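**Student:** Numbering (the working numbering), first residue to last: 1310 to 2128.
Heads up, the beta-carbon is just placed ideally off N, CA and C, and yes, glycines get one too.
Please read these numbers as outputs of a predicted model, since none were measured by experiment.
1. Quick check on residue 1665: does DSSP put it in helix, strand or coil?
2. Can you tell me whether DSSP reads residue 1329 as helix, strand or coil?
3. Residues in its own chain within less than 8 angstroms of residue 1656 by CB, not counting five upstream and five downstream?
4. Since residue 1672 and residue 1601 are thought to touch, with beta carbons under 8 angstroms apart, how far apart are those beta carbons, to the nearest angstrom?
5. Could you spell out the range, first to last residue, of the beta strand (DSSP E) harbouring residue 1430?
6. Measure the C-alpha to C-alpha separation of residue 1726 and residue 1807 and round it to an integer number of angstroms.
7. Does the distance from the CB of residue 1939 to the CB of residue 1724 come in under 7 angstroms?
8. Are there 16 or more other CB atoms within 10 angstroms of the CB of residue 1455, so buried, or fewer, so exposed?
9. Can the beta-carbon of residue 1453 be found closer than 7 angstroms to that of residue 1344?
10. Using DSSP with H/G/I as helix, E/B as strand and the rest coil, what is residue 1881?
11. Report the CB separation of residue 2045 from residue 1868 in whole angstroms; it is logged as a contact under 8 angstroms.
12. Nearest CA to the CA of residue 1863: which residue from 1835, 1888, 1900?
13. Cβ of residue 1877 within 7 angstroms of Cβ of residue 1927?
14. Please state whether the Cβ-Cβ distance between residue 1636 and residue 1682 is less than 7 angstroms.
15. If you drop the 5 nearest sequence neighbours on each side, which residues of the same chain put their C-beta closer than 6 angstroms to that of residue 1718?
16. Of the choices 1373, 1426, 1472, whose alpha-carbon is the least far from that of residue 1336?
17. Assign residue 2080 to one of three DSSP states: helix, strand, or coil.
18. Could you tell me whether any non-hydrogen atom of the ligand HEM is closer than 6 angstroms to the CB of residue 1380?
19. Candidates 1896, 1918, 1892, 1897: which alpha carbon is nearest residue 1879's?
20. Excluding the five sequence neighbours on either side, which residues of its own chain have a C-beta within less than 6 angstroms of the C-beta of residue 2052, listed in chain order?
21. In this structure, does DSSP put residue 1968 in helix, strand or coil?
22. Does DSSP put residue 1985 in a helix, a strand or coil?
23. Pop quiz: residue 1712 and residue 1943 are said to be a contact at Cβ under 8 angstroms. What is the actual Cβ separation, rounded to whole angstroms?
24. Run through the region 1836-1860 for me and flag every whole beta strand (DSSP E) of 3 or more residues, listed as ranges in chain order.
25. Would a C-beta distance cut-off of 7 angstroms place residue 1886 and residue 1836 closer than the cut-off?
26. Alpha carbon to alpha carbon, what distance is there between residue 1572 and residue 1433?
27. Please list the terminal residues of the continuous alpha helix (DSSP H) segment that includes residue 1703.
28. Our contact map puts residue 1955 next to residue 1710 with C-beta atoms below 8 angstroms; I'd like the distance itself, whole angstroms only.
29. Could you check what DSSP says for residue 1747 in three-state terms: helix, strand or coil?
30. Determine the contact status of residue 1494 and residue 1332, defining contact as a CB-CB distance below 7 angstroms.
31. Which of helix, strand or coil does DSSP assign to residue 1514?
32. Across which residues does DSSP place residue 1626 in a beta bridge pair?
33. Does DSSP classify residue 1541 as helix, strand or coil?
34. Report the residue from 2049, 1552, 1550, 1545 whose alpha carbon sits nearest the alpha carbon of residue 1569.
35. Report the CB separation of residue 1982 from residue 1715 in whole angstroms; it is logged as a contact under 8 angstroms.
36. Cα-Cα, which of 1978, 1952, 1951, 1970 is closest to residue 1962?
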């Protein structure tokens, strides 16, 4: 509401609440003050504001404005609005002859970058007067255009500029005067707790106005608003104050303003937002049910963890009940959920789980919450540990196929599944060590969660599976009952309403959307050269070096990104691709902090690329290490002979056909390859030593293909911290100087395609979780289980990379029985 001394507020003035300056507004409020802010809100919003001016002669002018705004894909924002003004019948002087006028507005904004936005607003006027030549009639049918820009370099400061009436009618009686408004806004603590703004307005007629405004958050209520305006040309001032009360998604407010000519006025406003207010009247608390209808893949687990973290910051959430209908996907995923549940509890939320028929890992994820219930017809499949690998050597020999590999390290056992009938001694020793470490970690976690001694915990791991009655009698669950009764009892105990996660809108961020974010870069699947791909037929994901390097470079170049989390869920792959990614991570780490978060597996090439990060965070049960290289191919000459297929070769050079699949390596070629992969292994050691600030000798002592769980890797110095994604996210925010509620963006975009679309139609994704692939379920059923499917994927990766150095580990090495 720009001041015009003794003049009435006109059609050109912006009807907004006090304190809304051109640099501080966004969403529907920006539709009136600065169209550049239309798309900066995280959700849609609507506002309506009514003002009335009162002078000595009575009510002089009523003005009402409404707007709706929403962000659109690709950085765009759109708004539609309308305004209406009329002089009251009691008005005196020239105001009564102004007539009635209004406008319909359309706004469009585009964010070149989350910190910088441009916008335009088109206004179509309508007016009618009490007599010929009234001011309102002169603008009837005319069109005006406003343009604005908004730059928010950080959560602490913003700059805005608006050019009003760039085209269109000029009528001082109606407040239509071509002008430029520039402003700055400051948030001293980086959030909406306190916002200060200062605008300067230069009109074509020569007047200059200065406007200062503020908005102060009042906990559990809303916001106090105030402003002061000084018109230097008219030597006049106006001051206004108001209160905005927020209740969830809704807001309402009002206030008064006073002018130097003894005139006064009042305003009232109401609004609704797609997000819930961060500062609000106390609302009925909610108990949020988090369901999971399919086992989460690498990315869907990240999304679930991020949603749980957001719930932990929401004051309206009194508790969370986790009610999965599928397995959580292994011990590492269970540990990440335990970390998220612990965070919720530290922030004052109650956490419960209801299990239908729980795998060992799913029960372990819930073992430490406030209350665990189990369906009467369900059970807990906690029945010990097992490690199983398929050895296809004899089967391939029978087919006339021989695999030929050269490797560095006795523990680099990945090729053994294709070359042997059973494990080698070192491989078997390593397998036993992983089983022992898994049992120790599992027993310790169970003991801490269920208040059991070490011997009791170890016995519990191996004595199952358990029926619901047995689980209750052994203290594994706190109650037996249906999901409905568990949810009802949990919510009633908290005095809270019940809501499903997918129906519960997020809380509005207290920071400007232009603030810096954390980029989570996913390395999901086998590492290959080229672009990332997904092969739904066998549920195979390929993490392409080119795709990942581009994502890393984009995160480094983006001013929006303040820190990077490299989320690795990969058994490795191409040594060349791994080194190219390592270099990109190392370069990124010089400019922005990079924290590696290891998921279920980050071994061989997966560990290779993570070692360039500033810090490495791994779950206690993450499979990691496997620093080693192998190189090989398949020889199908015997198979072709049995099929009576002849192969004729002409060559120039002794090694021209060295990579041919129609013959084995010669003794000289094996010596040559041993030297070659020795160089690759030396480079691997050098890269890890550089990233970990150690000598190559120290890394070699834990190298040669040795695989470790995250807890042991931590004790050996290969990992900096034990923890999951949320720990890595906290460290990245701290190292980057970001707020604990800073936004997260995920890169690169997931690969699509026809096969992926068909697969998604066959199996629906889980709320808060997700299926790794629809084809996983179908192919797994045909092949006899997920283990067979994993072997098929691994064979495809190794054989497709024939003739290239590989930094890879077979997966899985070990697991919890009952998965």
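**Tutor:** Walking through what the data contain:
1. Locating residue 1665 in the chain shown gives position 356, where the first residue counts as 1. Note: residue 1665 maps to coil in three-state DSSP.
2. Within the chain shown, residue 1329 is the residue found at index 20, counting from 1. Coil, per DSSP.
3. In the chain shown, the residue the question calls residue 1656 occupies position 347. Excluding positions up to five away in sequence, the list reads 1621, 1622.
4. In the chain shown, residue 1672 corresponds to position 363, counting from 1. In the chain shown, residue 1601 corresponds to position 292, counting from 1. Incorrect: roughly 14 angstroms between the Cβ atoms, too far for contact.
5. Within the chain shown, residue 1430 is the residue found at index 121, counting from 1. Counting along the chain, the beta strand (DSSP E) containing residue 1430 begins and ends at 1425-1437.
6. Residue mapping note: residue 1726 aligns to position 417 of the chain shown, counting from 1. Residue mapping note: residue 1807 aligns to position 498 of the chain shown, counting from 1. Each residue's Cα considered, the two are about 51 angstroms apart.
7. In the chain shown, counting from the first residue as 1, residue 1939 sits at position 630. In the chain shown, counting from the first residue as 1, residue 1724 sits at position 415. It is a contact, given that the beta carbons lie within the stated cut-off.
8. Numbered from 1 along the chain shown, position 146 holds the residue referred to as residue 1455. Residue 1455 is buried by the Cβ-count criterion.
9. Residue 1453 sits at position 144 when you count from the first residue of the chain shown. Residue 1344 sits at position 35 when you count from the first residue of the chain shown. Residue 1453 places its beta carbon 7 angstroms or farther from that of residue 1344.
10. For the purposes of this step, residue 1881 is taken as the residue at position 572 of the chain shown. Strand at residue 1881.
11. Residue 2045 sits at position 736 when you count from the first residue of the chain shown. Residue 1868 sits at position 559 when you count from the first residue of the chain shown. Contact doesn't hold; Cβ gap of about 13 angstroms is too wide.
12. Numbered from its first residue, the chain shown carries residue 1863 at position 554. Ranking the options by Cα distance to residue 1863, first place goes to 1900.
13. Counting from 1 along the chain shown, the entry for residue 1877 is found at position 568. Counting from 1 along the chain shown, the entry for residue 1927 is found at position 618. Against a cut-off of 7 angstroms, the Cβ pair of residue 1927 and residue 1877 comes out as no contact.
14. Position 327 of the chain shown, counting from 1, holds the residue named residue 1636. Position 373 of the chain shown, counting from 1, holds the residue named residue 1682. Going by C-beta atoms, residue 1636 is not nearer than 7 angstroms to residue 1682.
15. Locating residue 1718 in the chain shown gives position 409, counting from the first residue. 1937, 2013, 2014, listed in sequence order.
16. The sequence position of residue 1336 within the chain shown is 27, counting from 1. Closest option to residue 1336, Cα to Cα, is 1426.
17. Locating residue 2080 in the chain shown gives position 771, where the first residue counts as 1. Note that residue 2080 scores 35 on pLDDT, short of 50, meaning its location in the model is unreliable; the coordinates nonetheless yield the value given after this. Judged by DSSP in its simplified three-state form, residue 2080 adopts coil rather than helix or strand.
18. Among the components of this structure there are no ligands whatsoever, and the ligand HEM is therefore not found.
19. Mapped onto the chain shown, residue 1879 falls at position 570. For the options 1896, 1918, 1892, 1897, the alpha carbon positioned closest to that of residue 1879 is the one of 1918.
20. Here the question's residue 2052 lines up with position 743 in the chain shown. Same-chain partners within the cutoff: 1826.
21. One-based indexing of the chain shown puts residue 1968 at position 659. If DSSP states are grouped into helix, strand and coil, residue 1968 belongs with coil.
22. The count along the chain shown starts at 1 and reaches residue 1985 at position 676. DSSP places residue 1985 in helix when its eight states are reduced to three.
23. Here the question's residue 1712 lines up with position 403 in the chain shown. Here the question's residue 1943 lines up with position 634 in the chain shown. Confirmed, about 5 angstroms.
24. 1842-1844, 1849-1853
25. Along the chain shown, read from residue 1 onward, the residue named residue 1886 stands at position 577. Along the chain shown, read from residue 1 onward, the residue named residue 1836 stands at position 527. A contact, by the Cβ cut-off of 7 angstroms.
26. As a working note, residue 1433 is residue 124 in the chain shown. As a working note, residue 1572 is residue 263 in the chain shown. Taken atom to atom, the span from the alpha-carbon of residue 1433 to that of residue 1572 is near 30 angstroms.
27. As a working note, residue 1703 is residue 394 in the chain shown. Start and end: 1702-1708.
28. Here the question's residue 1955 lines up with position 646 in the chain shown. Here the question's residue 1710 lines up with position 401 in the chain shown. Actually they are not in contact, since the Cβ atoms of residue 1955 and residue 1710 sit about 17 angstroms apart, beyond 8 angstroms.
29. The sequence position of residue 1747 within the chain shown is 438, counting from 1. If DSSP states are grouped into helix, strand and coil, residue 1747 belongs with the helices.
30. Translated into the one-based positions of the chain shown, residue 1494 becomes position 185. Translated into the one-based positions of the chain shown, residue 1332 becomes position 23. Their beta carbons are under 7 angstroms apart, which means residue 1494 touches residue 1332 by this criterion.
31. Your numbering for residue 1514 matches position 205 in the chain shown. Here residue 1514 carries a coil assignment [DSSP, helix/strand/coil].
32. Counting from one through the chain shown, the residue named residue 1626 turns up at place 317. Paired residue(s): 1595.
33. Your numbering for residue 1541 matches position 232 in the chain shown. Of the three classes helix, strand and coil, the one that applies to residue 1541 here is coil, per DSSP.
34. Against the chain shown, residue 1569 aligns to sequence position 260. Nearest of 2049, 1552, 1550, 1545 to residue 1569, Cα basis: 1545.
35. Sequence index remark: in the chain shown, residue 1982 carries index 673 (1-based). Sequence index remark: in the chain shown, residue 1715 carries index 406 (1-based). The pair is a contact, with the Cβ atoms about 5 angstroms apart (cut-off 8 angstroms).
36. Here residue 1962 refers to the residue found at position 653 of the chain shown. Taking only the C-alpha atoms, the option nearest residue 1962 is 1978.
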